[in-house]
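Student: I have a structure I would like to understand better, so I am pasting it below and will then ask my questions one at a time.
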Amino acid sequence: MNGKCLCGGVEFQLEEPIPNLYQCHCSLCRKLSGSASDTAMFISRDQFRWVRGLDRISSFRTPTGYRSDFCSGCGSTVPHLMSNTTHFWAPAGLLEGDIDGKVVAHLCTESKASWDEISGEAECFNEMPELERLMHLLHGGEETVDGEWEESQAASAEV
Ligand SMILES: [Zn+2]
Ligand SMILES: [Zn+2]
Numbered sequence: 000m001n002g003k004c005l006c007g008g009v010e011f012q013l014e015e016p017i018p019n020l021y022q023c024h025c026s027l028c029r030k031l032s033g034s035a036s037d038t039a040m041f042i043s044r045d046q047f048r049w050v051r052g053l054d055r056i057s058s059f060r061t062p063t064g065y066r067s068d069f070c071s072g073c074g075s076t077v078p079h080l081m082s083n084t085t086h087f088w089a090p091a092g093l094l095e096g097d098i099d100g101k102v103v104a105h106l107c108t109e110s111k112a113s114w115d116e117i118s119g120e121a122e123c124f125n126e127m128p129e130l131e132r133l134m135h136l137l138h139g140g141e142e143t144v145d146g147e148w149e150e151s152q153a154a155s156a157e158v
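Numbering follows numbering that gives the first Met the number 0, with no gaps: position 159 of the sequence shown is 158.
Next up, the structure:
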């Protein structure tokens, strides 16, 4: 499955299976997306490959560490390797085709925009859940973060 920015200058390839997605409704993700939320996945470094355009990517970070990488040609948000993990963060809207994965989590619903209506069966989190907990949801419990993820941690992170 390939993904491309709006101008096509940045392209990447994801190896199947494509994981499930989350939508984050926090104020930062709203500004990043220009919409109600961003929709993204965490995909293993082993399943990710840049095809072209790495030299076109600019990076923005807030003092608190929130990061946005984007195509300097068209401004589309593009994937980045998450610090201290073995996974890429990848925006779902760049994918060029249909996937089996679906939105399974809504994050930071407490700070959603007043006009944003969340529906469906995905799990809702008032704030940002633990990364491990989220990873567990997105990957159906089969994926680990840095290989340190264990079932026992999932249970303790349960809200
Ligand atoms: Zn572009
Ligand atoms: Zn967010």
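Glycine included, every Cβ here is placed at the ideal spot set by N, Cα and C.
Remember, predicted model here, so these are calculated numbers, not experimental data.
Say whether the segment 95-112 touches the segment 22-38, bearing in mind that this needs 3 or more beta-carbon pairs closer than 8 Å, one atom from each stretch.
Tutor: With the cut-off at 8 Å, the segment 95-112 and the segment 22-38 touch.
Student: Please report the distance separating the alpha-carbon of D54 from that of G119.
Tutor: Here residue 54 is taken as the residue at index 55 of the sequence shown, counted from 1. Here residue 119 is taken as the residue at index 120 of the sequence shown, counted from 1. Their Cα atoms are separated by approximately 39 Å.
Student: Who are the Cβ neighbours of W88 in its own chain at under 7 Å, not counting the five residues just before and after it?
Tutor: As a working mapping, residue 88 is identified with position 89 in the sequence shown. Around W88: A39, F41, P78, H79, M81.
Student: Going by the C-beta, is C107 closer than 7 Å to any heavy atom of ligand 2?
Tutor: As a first step, residue 107 must be located in the sequence shown, where it is residue number 108. Checking every heavy atom of ligand 2 against the Cβ of C107, one is found closer than 7 Å.
Student: How far does the beta strand (DSSP E) with L94 in it extend, from its first residue to its last?
Tutor: Here residue 94 is taken as the residue at index 95 of the sequence shown, counted from 1. Per DSSP, L94 belongs to no beta strand (DSSP E) and is neither H nor E.
Student: Under a Cβ-count criterion, where at least 16 other Cβ atoms within 10 Å of its own Cβ denotes burial, should K101 be classed as buried or exposed?
Tutor: By one-based count along the sequence shown, residue 101 stands at place 102. Flag for K101 reads exposed.
Student: Looking at the unbroken beta strand (DSSP E) that takes in L5, where does it start and where does it end?
Tutor: Stepping through the sequence shown from its first residue, residue 5 is reached at position 6. Taken as a continuous stretch (DSSP letters only), L5 belongs to no beta strand (DSSP E), as it is neither H nor E.
Student: Can you have a look at Y21 and say buried or exposed, based on whether 16 or more other CB atoms are within 10 angstroms of its CB?
Tutor: Taking the first residue of the sequence shown as 1, we reach residue 21 at position 22. Buried: at least 16 other Cβ atoms inside 10 Å.
Student: State the DSSP-derived secondary structure class of T63, mapped to helix, strand or coil.
Tutor: The residue you call residue 63 lines up with position 64 of the sequence shown. T63 falls in the coil class under three-state DSSP.
Student: Determine the direct distance from the alpha carbon of D45 to that of G33, and round the result to whole angstroms.
Tutor: For the purposes of this step, residue 33 is taken as residue 34 along the sequence shown, with counting starting at 1. For the purposes of this step, residue 45 is taken as residue 46 along the sequence shown, with counting starting at 1. Spanning the two alpha carbons is a distance of roughly 30 Å.
Student: Give the range of the alpha helix (DSSP H) segment to which H105 is assigned.
Tutor: What you label residue 105 is simply residue 106 of the sequence shown in a count that begins at 1. No alpha helix (DSSP H) contains H105, which is instead part of the beta strand (DSSP E) from 102-106.
Student: Could you tell me if N19 is buried or exposed, where buried requires 16 or more neighbouring beta carbons within 10 angstroms of its beta carbon?
Tutor: Position 20 of the sequence shown, counting from 1, holds the residue named residue 19. With 16 or more other Cβ atoms within 10 Å, it is buried.
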